[in-house]
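For reference, the structure is listed below as C-alpha cells.
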Amino acid sequence: MDTWIWIVIVIVALLAGVALGFYIARRYMMKYLQDNPPINEEMLRIMMMQMGQKPSQKKINQMMSQMNKASTKPEKKVKK
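Residue numbers (the UniProt record's numbering): 1 to 80.
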C-alpha cells in the first residue's frame, strides 16, 4: 500500500481512540459520582458528630460555604 493510505489509517485510528477514550472516561465519571456523591450537609453533620462536635446549623452553613468557595475559586497565576 502507499504511504498516504497508512497515514490516513493512523489518523483515523487516533481520532477513533480519542473519541472512544472520551466516551469511556465520561461514563466512568458519571457512574463514580452516582456511587460516591459529593459531600452534602447531612454528611458534614455526621462527620462532625463523629469527631465529637455538636454541629449547629450556622456552623454547617459556614463549612459548606467554605467548601463551595474553595472548590470554585480560580487559581491565581504567578507573575514573573
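The beta carbon of each residue, even a glycine, is placed where N, CA and C say it ideally should be.
From residue 59 to residue 71, what distance separates their C-alpha atoms? 18 Å
Which two residues bound the contiguous alpha helix (DSSP H) that contains residue 31? 3–35
In chain order, what residues of the same chain lie with their CB nearer than 8 Å to the CB of residue 45, ignoring the 5 residues before and after it? 55, 60
Which residues in the same chain as residue 64 place their Cβ atom closer than 8 Å to its Cβ, once the five residues preceding and following it in sequence are excluded? 41, 44
What whole-angstrom Cβ distance do residue 67 and residue 39 have, given they're in contact under 8 Å? 7 Å
Sorted by chain position, which residues of the same chain lie with C-beta nearer than 7 Å to residue 48's C-beta, five sequence neighbours on each side aside? 55
Local conformation of residue 51 per DSSP, three classes: coil
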